[in-house]
Every structure is written in C-alpha cells, then in structure tokens.
Amino acid sequence: MSELEFYQFPCLSDNYGVLVHDPDSGDTAAIDVPDAGTVQAALDEKGWKLTHVLVTHHHFDHTQGIEELKSASGCKVIGPQAEKAKIPTLDETVSDGDRFGFGGDMVDVISTPGHTLGMINFHFRESRVVFTGDTLFAMGCGRIFEGDAQMMWDSLCKLAGLPAETVVYCGHEYTLANAKFALTVDPGNDALQKRAEEVAALRAAGKPTLPTTIGTELATNPFLRAANSEIRSHLAMKSESDAKVFAEIRHRKDNA
Ligand code: ZN
Ligand code: FE
295 MSELEFYQFP CLSDNYGVLV HDPDSGDTAA IDVPDAGTVQ AALDEKGWKL THVLVTHHHF
355 DHTQGIEELK SASGCKVIGP QAEKAKIPTL DETVSDGDRF GFGGDMVDVI STPGHTLGMI
415 NFHFRESRVV FTGDTLFAMG CGRIFEGDAQ MMWDSLCKLA GLPAETVVYC GHEYTLANAK
475 FALTVDPGND ALQKRAEEVA ALRAAGKPTL PTTIGTELAT NPFLRAANSE IRSHLAMKSE
535 SDAKVFAEIR HRKDNA
C-alpha cells in the first residue's frame, strides 16, 4: 500500500487548497474548494481526477468552488452534518467521532466549533496529517464568529492532544501577522522568536509557511499556550482559567 500524497497550493488572496491523492486507487480529495479554477488547475498539473471534496465549514471562501467541480467530475462531497443547510452541495454528512476510509488510511472527524458552530477537521490517522480549516492556524487561530471562547478553547485542546509530529494544514496564510501578534503576548519565547524570523524569510521569498506541526504550534502558538506561566504573568492573569487566558489573547488579537 502506497502512502497518500498531499499537495498544497495558494488560492484566492490568502487561502490554501490541498489535494490528497491515493496512488493505488487514484482517489483524489480536495480539502475545501476556495476557487474552482485554481483547484482544477492543480488537479490538471498533477494529472489527478477529483473523486472527493472534504468540507471543513460553510464559509464562502471554502465552499464557493464546490458546485462547479462537482458537476464537472461527479465527485462525492463530504462535510459537516451541523452545516448541511448552509452547504447545499453535500452528498454525505459527518459529525464528531465519525470515521471513514480514504485510500489506505482512516479519516477521523473531529468537531472543532468556535469559528463556526459546525466546523469539522479531518485527521488522516496513519498519514499523521490533520486539516484544521479555520480553527488552528500557524501561530494563530480562527476568529470566533459563531461560538464562544470556551468552545474555541475546547476545540483547540482537541487538536493540541494529537501526536506532536502530526502535520497541520490550515485554511489560510496568516502566519506573518500571527507571528507579529504572538510576540506581543509571548515575547520571551525563544522558539517563537526564531520561528518569526523563519516565516519572515519564507514570506519574503514568496514561499508558504505551511504546513506546520502540532509540536511546533505547542511551542510557539500563544492560542495553545494559555497555561504557560510566562504568558500568564505577561497578561497579569496568573490564577485565571486557561479558557479565560485564551479569551484574553483572542480579544487582544481581534483588536490588534
Ligand atoms: Zn472561515
Ligand atoms: Fe476562511
């Protein structure tokens, strides 16, 4: 059995598209479809035929290209049960704890509400890859549009509990701005300072800063580090709950 191939490419102004390909069966999944033309061009470039779309959440910049690709390819569209009414192209719905096969791998569905209430993430267990949509970003997390801070914190904790070597693909290239903000709440973090320099160099060279890993995020992403004592002293929140510290960091980012 061959390993799955993952191919990431930029879409729209700051989204990413990703294709997952199984060389044995030829099955190919797009994770969200920010833009039909760009995803189709990536498929053509690879010589892959679209068989599945896995949808993380209902926002337009993740779903707008689905209908066009579906009618062109007849692919199966799998997405969140809780957002069925908002994503009319869904053929199959899944929710937290569901599991389905793709290629030789098993995909675990992890519900991560907060950015939207029905957001789901896809964990390819054997491949050790997770697609976090707009829940977890490199050194950042999604804005809380539909849920609340406690909900988003609980969602991020689920992702933080995945094995450290898990590769993380997310919906947007927000890394440079996230790094700048992260340094304002976690200025003494050496790993963060080093990474901020690395991502600045990557962006200056026009290169992506993603994917990342759970281990890298645990070391540098302030939104996963609400329990960290240096961040807590910096925020003067030594005895608050982790969710409260997280909420304060999210609030500061929203107003940065
Ligand atoms: Zn979104
Ligand atoms: Fe988005």
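Going by the working numbering, the sequence shown opens with residue 295, and the numbers climb by one from there. For glycine and all other residues, C-beta sits at the position ideal for the given N, C-alpha and C.
| Thinking C-alpha only, which one of Glu467, Asp338, Glu524 and Gly441 is nearest Thr503? | Taking the first residue of the sequence shown as 1, we reach residue 503 at position 209. Nearest option by C-alpha distance: Glu467.
Suppose only complete runs of 4+ residues qualify. What are the alpha helix (DSSP H) ranges in the region 421-495, listed by chain order?
443-454 and 469-479
Roughly how many whole angstroms lie between the Cα atoms of Gly441 and Ile543?
In the sequence shown, residue 441 corresponds to position 147, counting from 1. In the sequence shown, residue 543 corresponds to position 249, counting from 1. About 16 Å.
Requested in this report: Give the secondary structure of His409 by DSSP, where H, G and I count as helix, E and B as strand, and everything else as coil.
Outcome: For the purposes of this step, residue 409 is taken as residue 115 along the sequence shown, with counting starting at 1. Correct three-state label for His409: coil.
Decide if the region 500-516 is in contact with the region 393-405; the criterion is three or more beta carbon pairs, one per stretch, under 8 Å apart. no
- Candidates Leu306, Ala541, Leu313 and Asn483, of which the one nearest Val424 by Cα: Translated into positions along the sequence shown, residue 424 becomes position 130. Of the listed residues, the one whose Cα sits closest to Val424 is Leu313.
### Task
Drop a sphere of 10 angstroms on the beta-carbon of Gly455, count the other beta-carbons inside from all chains shown, and report buried for 16 or more, exposed for fewer.
Here residue 455 is taken as the residue at index 161 of the sequence shown, counted from 1. Per the 10 Å Cβ criterion, exposed.
*Gly465: beta carbon under 7 Å from a heavy atom of the ligand FE?*
Mapped onto the sequence shown, residue 465 falls at position 171. Yes.
Checklist line | In DSSP terms, what Glu386 is bridged to | finding: Within the sequence shown, the letter at position 92 stands for residue 386. Ile372, per the DSSP bridge assignment.
Item checked: Where Thr507 falls: helix, strand or coil (DSSP) -> For this step, residue 507 is matched to residue 213 along the sequence shown. Reduced to three states, the DSSP call for Thr507 is strand.
For Ser449, collect the residues of the same chain with a Cβ closer than 7 Å to its Cβ; drop the 5 residues on either side in sequence, then sort them by chain order. As a first step, residue 449 must be located in the sequence shown, where it is residue number 155. Answer for Ser449: Thr406, Pro407, Gly408 and Thr429, listed in chain order.
For this session: Pull up the DSSP beta-bridge partners for Gly311, would you.
Result: The residue you call residue 311 lines up with position 17 of the sequence shown. Gly311 is bridged to Phe303.
*In the DSSP assignment, find the beta strand (DSSP E) that holds His417 and state where it starts and stops.*
Indexing the sequence shown from 1 puts residue 417 at position 123. Run containing His417: Ile414 to Phe418, per the beta strand (DSSP E) assignment.
Report task. Return no unless some Cβ of chain D is closer than 8 Å to the Cβ of Ala494. Result -> Absent from the structure: chain D. Only one protein chain is present.
- Task: Leaving aside the five residues before and after Lys452 along the sequence, list all residues of the same chain whose C-beta is less than 7 Å from its C-beta, in chain order.
- Result: In the sequence shown, the residue the question calls residue 452 occupies position 158. Closer than 7 Å at the Cβ level, and outside the excluded window around Lys452, lie Ile404 and Thr406.
Secondary structure of His545, DSSP reduced to three states: As a first step, residue 545 is located in the sequence shown; it is residue number 251 there, counting from the start. DSSP places His545 in helix when its eight states are reduced to three.
Can you determine whether any heavy atom of the ligand FE sits closer than 7 Å to the C-beta of His353, and answer yes or no? Numbered from its first residue, the sequence shown carries residue 353 at position 59. At least one heavy atom of the ligand FE is nearer than 7 Å to the Cβ of His353, so yes.
Q. Regarding Ser548 and the ligand FE, is the C-beta to nearest heavy atom distance less than 7 Å?
A. Along the sequence shown, one-based indexing puts residue 548 at 254. Residue 548 is actually Asp in this sequence, not Ser. Checking every heavy atom of the ligand FE against the Cβ of Asp548, none is found closer than 7 Å.
- Just to check, is the beta-carbon of His409 closer than 7 Å to a non-hydrogen atom of the ligand ZN? Numbered from 1 along the sequence shown, position 115 holds the residue referred to as residue 409. Yes - the ligand ZN has a heavy atom lying nearer than 7 Å to the Cβ of His409.
| message | Tell me the DSSP secondary structure of Val333 in three-state form. | response | Residue mapping note: residue 333 aligns to position 39 of the sequence shown, counting from 1. Helix.
Quick check: what's the CA-CA separation for Asn472 versus Ala432? Counting from one through the sequence shown, the residue named residue 472 turns up at place 178. Counting from one through the sequence shown, the residue named residue 432 turns up at place 138. Cα to Cα, the separation comes out at about 7 Å.
Check: Between Glu377 and His417, is the Cβ-Cβ spacing less than 8 Å?
Finding: As a working mapping, residue 377 is identified with position 83 in the sequence shown. As a working mapping, residue 417 is identified with position 123 in the sequence shown. No, they are not a contact pair.
Report the option in Ser296, Tyr310 and Gln375 whose CA atom is closest to the CA atom of Thr469.
For the purposes of this step, residue 469 is taken as residue 175 along the sequence shown, with counting starting at 1. Selected option, being the one with the closest Cα: Tyr310.
Item to check | Paired residues, beta bridge with Val347 - DSSP | outcome: Translated into positions along the sequence shown, residue 347 becomes position 53. Val347 is bridged to Ala324 and Val371.
- Can you tell me the Cβ-Cβ gap for Leu363 and Val401, rounded? I've got them flagged as a contact below 8 Å. One-based indexing of the sequence shown puts residue 363 at position 69. One-based indexing of the sequence shown puts residue 401 at position 107. Actually they are not in contact, since the Cβ atoms of Leu363 and Val401 sit about 19 Å apart, beyond 8 Å.
Just the Cα atoms here: how many angstroms apart are Tyr463 and Met295?
Counting from 1 along the sequence shown, the entry for residue 463 is found at position 169. Counting from 1 along the sequence shown, the entry for residue 295 is found at position 1. About 23 Å.
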